[in-house]
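Note that the working numbering numbers the sequence shown so that position 165 is 1361, with each residue one more than the last. Note that CB positions come from ideal geometry on N, CA and C, so glycine has one too. A quick write-up on the structure given underneath.
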Amino acid sequence: MYELTIAQAHAKLQAKEISAYELTKAVLERIKAVEPQVEAYLTLLEEDALKQAQKIDQKGDFNKPLAGIPVAIKDVYCTKGVKTTGASKILENYVPPYDSTVVKKLKDAGAIILGKVNTDEFTMGSSTETSAFATTKNPWDVTRVPGGSSGGSAAAVAADECLFALGTDTGGSIRQPASFCSCTGLKNTYGRVSRYGVMSYASSFDTIGPLTKTAEDAAIVLEAIAGVDPKDATTVDKKVPKYSQLIQNDIKGLKIGVPRDFFIKGIDSQVEKITRDAIDKFQKMGAEIEEVSLPMTKYAIATYYLLVKAEASTNMARYDGIKYGHTTQDPKAKELADIYAHSRTEGFGDEVKRAIMMGTYTLSAGYYDAYYLKAAKVRTLVKKEYDEVFEKVDVLAAPISPVLPFKIGENVEDPLAMYLVDAFTTPINLAGICGLAIPAGFAEENAKKLPVGIQILGPQFGEETILRAGHQFQLHTDYHLQKPVI
Ligand code: GLN
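Given below as structure tokens:
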């Protein structure tokens, strides 16, 4: 039962072939069986989830597509009365008094919250290794990372420890783990889904989206969580289309651009081949393929890291041991400034400290013009380039990660190598557009199958089209159906 997609489970729940209780129980048993190897969850709400399921069963109303569907939530979404840590020691014991808008929407839709899953600390990272609490493993090869920062979400979906999960994508954190774990991951247009109650990394980049087993499921979840929110002024008052119906249309004549700047020297040869094969499949399905050029791509990493670290340094300022978070017990901290410094030194991990130092530097009076302001201008140019390309093509198809899922520990000591992994995901966040990660095949290393995904990119508010392309691709392929042996 735990292998079901949302769409399949919904049909069975509605037909009363299964109950929400049975489904939740099956998923909880699956979690018990595989968690020792995967370590995706930071907090498991076993009893509470079963109680939620019983309530839904008693009501007996399964008309809403998420009623009775068990979900895992990335541990940066505030959940009322349930510990929410951001995978940071500084919030180790934080219990929010309110729900983030998206969690509230899921609850209202009848979804069953299974628990909170691991992430890089405050979502800063690409491997989930910067978490203060656990190292999540890739279910396809437990010696490798699941990607990040939504690595807990991706691993939980891939190992069937939930029917879907929520993630966040600031610079690739939904798409890259989806690629590493062979799930579907939707990075929405900035402003499509409310960020209210989700811990900020870089507020002008952060986006909210699901990791699912299929593109159809991603469409179902988006319908439930999208829309304007008075509590988040950056959400846009735009009608939420019936994504799950629109994706049923075929893609004959869809113009797919292939950006040549994503096929650079250094890209893993298996990644390149799998991406090109997937594009050929789209062509066979009736799409028109055209090579396009996005020359600003090479500046994306530098621009992205300058801007997000600047925003992060201000967002992290609120954790000072007084207003929020861990307060030092060190008797040497006597004055207020000492309490701040000690609490933050003890509470934050290395990657967050790096962000604060880099960001404070680029925002300082002497360097602001040279770094922050320049990067902000380049961001505008990146966005312009995407706007222009979407006048010629409907969507783009591109690789997600230049490398295969790497070994745990491989990049930890080399932050620059870790940042370069994001070369193909960060431009999309600079432009504020949408992207869908879908499984596209498997590479082989030392006789192990390693997942490779591709991303379908769309213009702002083009979710309907990328979900349709993804769904149609999945009707013609079976990569998304393959399961890790765990
Ligand atoms: N790895 C990137 C970073 O650390 C992206 C993270 C994210 O999307 N949250 O900035």
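- In angstroms, rounded to a whole number, what distance separates the CA positions of residue 1284 and residue 1490? Within the sequence shown, numbered from 1, the residue matching residue 1284 stands at position 88. Within the sequence shown, numbered from 1, the residue matching residue 1490 stands at position 294. Rounded to whole angstroms, residue 1284 to residue 1490 spans 37 Å at the Cα level.
- At a Cβ threshold of 9 Å, is residue 1216 touching chain B? Here there is only one protein chain, and chain B is not present.
- Item | One or two residues paired with residue 1594 in a DSSP bridge | In the sequence shown, counting from the first residue as 1, residue 1594 sits at position 398. Paired residues: 1651.
- With distances taken from CA atoms, which of 1488, 1674, 1676 and 1656 is nearest residue 1388? Taking the sequence shown and counting its residues from 1, one reaches residue 1388 at position 192. For the residues 1488, 1674, 1676 and 1656, the minimum Cα distance to residue 1388 belongs to 1656.
- Task: Could you please give me the residues that DSSP links to residue 1340 through a beta bridge?
- Result: Start at 1 with the first residue of the sequence shown, and residue 1340 comes out as number 144. According to DSSP, residue 1340 bridges with 1603.
- Query: In three-state DSSP terms, what is residue 1501?
  - Reply: Your numbering for residue 1501 matches position 305 in the sequence shown. Note: residue 1501 maps to helix in three-state DSSP.
- Query: Per the contact definition of three or more C-beta pairs closer than 8 Å, is the segment 1520-1533 in contact with the segment 1497-1504?
  - Reply: no
- Straight-line gap, residue 1666 to residue 1472 (C-alpha atoms, nearest Å): The sequence position of residue 1666 within the sequence shown is 470, counting from 1. The sequence position of residue 1472 within the sequence shown is 276, counting from 1. Cα to Cα, residue 1666 sits roughly 16 Å from residue 1472.
- Item | alpha helix (DSSP H) runs wholly inside the segment 1206-1266, at least 4 long, in chain order | 1216-1234 and 1242-1255
- Nearest-angstrom Cα separation, counted from residue 1403 out to residue 1262: The residue labelled residue 1262 in the question sits at position 66 within the sequence shown. The residue labelled residue 1403 in the question sits at position 207 within the sequence shown. Cα-Cα distance, rounded: 21 Å.
- Query: Less than 9 Å separating the beta-carbons of residue 1478 and residue 1468?
  - Reply: Your numbering for residue 1478 matches position 282 in the sequence shown. Your numbering for residue 1468 matches position 272 in the sequence shown. No, the pair does not count as a contact, with Cβ atoms beyond the cut-off.
- Heavy atom of the ligand GLN within 8 Å of residue 1368 beta-carbon: Against the sequence shown, residue 1368 aligns to sequence position 172. Correct: residue 1368 has its Cβ closer than 8 Å to the ligand GLN.
- If I'm right that residue 1474 touches residue 1593 with Cβ under 8 Å, what's the distance once you round it to whole angstroms? Walking along the sequence shown from the start, residue 1474 turns up at place 278. Walking along the sequence shown from the start, residue 1593 turns up at place 397. Rounded, the Cβ-Cβ distance is 7 Å, consistent with contact.
- Task: Evaluate the contact criterion for the segment 1401-1419 versus the segment 1323-1334: three or more CB pairs, one atom per stretch, below 8 Å.
- Result: no
- Query: Taking the alpha carbon of residue 1486 as the point to measure from, which residue in 1562, 1587 and 1518 has its own alpha carbon closest?
  - Reply: The residue labelled residue 1486 in the question sits at position 290 within the sequence shown. When each option's Cα is compared against that of residue 1486, the closest is 1587.
- Message: Helix, strand or coil for residue 1321? Go by DSSP, reduced to three states.
- Response: Here residue 1321 refers to the residue found at position 125 when the sequence shown is read from its first residue. Here residue 1321 sits in coil by DSSP.
- What three-state label does DSSP hand residue 1531 in the structure shown? Translated into positions along the sequence shown, residue 1531 becomes position 335. Here residue 1531 sits in coil by DSSP.
- Is residue 1453 helix, strand or coil when you go by DSSP? The residue you call residue 1453 lines up with position 257 of the sequence shown. Strand, per DSSP.
- Query: Between residue 1269 and residue 1295, what straight-line distance do the alpha-carbon atoms span, to the nearest angstrom?
  - Reply: Numbered from 1 along the sequence shown, position 73 holds the residue referred to as residue 1269. Numbered from 1 along the sequence shown, position 99 holds the residue referred to as residue 1295. About 12 Å.
- Message: Relative to the C-alpha of residue 1325, which candidate in 1653, 1673 and 1607 has its C-alpha closest?
- Response: In the sequence shown, residue 1325 corresponds to position 129, counting from 1. That would be 1607, whose Cα lies nearest to the Cα of residue 1325.
- Message: Under 8 Å: does the beta carbon of residue 1625 sit that close to some heavy atom of the ligand GLN?
- Response: Here residue 1625 refers to the residue found at position 429 when the sequence shown is read from its first residue. Answer for residue 1625: yes, Cβ within range of the ligand GLN.
- Residues bridged to residue 1566 (per DSSP): Residue numbering aside, residue 1566 sits at position 370 when the sequence shown is read from its first letter. DSSP output for residue 1566 lists no bridge partner at all.
- DSSP three-state assignment for residue 1482, whether helix, strand or coil: Numbered from 1 along the sequence shown, position 286 holds the residue referred to as residue 1482. The answer is coil: DSSP assigns residue 1482 none of H, G, I, E or B.
- Query: Taking contact to mean at least 3 C-beta pairs separated by less than 8 Å, is the segment 1634-1652 in contact with the segment 1662-1679?
  - Reply: yes
- Message: My parser needs the beta strand (DSSP E) runs of 3 or more residues fully inside the segment 1395-1449; what are they?
- Response: 1403-1408
- Residues sharing a beta bridge with residue 1334, DSSP: For this step, residue 1334 is matched to residue 138 along the sequence shown. Residue 1334 pairs with 1337.
- Query: What residue from 1418, 1504 and 1562 has the CA that sits closest to residue 1398's CA?
  - Reply: As a working mapping, residue 1398 is identified with position 202 in the sequence shown. For the residues 1418, 1504 and 1562, the minimum Cα distance to residue 1398 belongs to 1504.
- Starting from residue 1644, follow its DSSP beta bridges and name the residues at the other end. Walking along the sequence shown from the start, residue 1644 turns up at place 448. Its beta-bridge partners are 1641.
- Every unbroken beta strand (DSSP E) inside the segment 1278-1329 [3 residues or more]: 1308-1313
- Query: Cβ-heavy atom distance between residue 1405 and the ligand GLN below 8 Å?
  - Reply: In the sequence shown, counting from the first residue as 1, residue 1405 sits at position 209. Not so, every heavy atom of the ligand GLN lies at least 8 Å from the Cβ.
- Task: Out of 1615, 1611, 1629 and 1598, state which residue places its alpha-carbon closest to the alpha-carbon of residue 1584.
- Result: Mapped onto the sequence shown, residue 1584 falls at position 388. Answer by Cα proximity: 1629.
- Query: Are the beta-carbon atoms of residue 1293 and residue 1282 separated by less than 9 Å?
  - Reply: In the sequence shown, the residue the question calls residue 1293 occupies position 97. In the sequence shown, the residue the question calls residue 1282 occupies position 86. Going by C-beta atoms, residue 1293 is not nearer than 9 Å to residue 1282.
- Query: Going by beta carbon distance, what residues of the same chain come within less than 6 Å of residue 1526, once the five residues before and after it are set aside?
  - Reply: Along the sequence shown, one-based indexing puts residue 1526 at 330. Answer for residue 1526: 1538, listed in chain order.
- Query: Beta carbon of residue 1421, beta carbon of residue 1390: below 9 Å?
  - Reply: Taking the sequence shown and counting its residues from 1, one reaches residue 1421 at position 225. Taking the sequence shown and counting its residues from 1, one reaches residue 1390 at position 194. Cβ atoms of residue 1421 and residue 1390: closer than 9 Å.
- Query: Ordered along the chain, which non-local residues of its own chain (more than five positions away) have a Cβ less than 8 Å from that of residue 1510?
  - Reply: Taking the sequence shown and counting its residues from 1, one reaches residue 1510 at position 314. Contacts found: 1555 and 1559.
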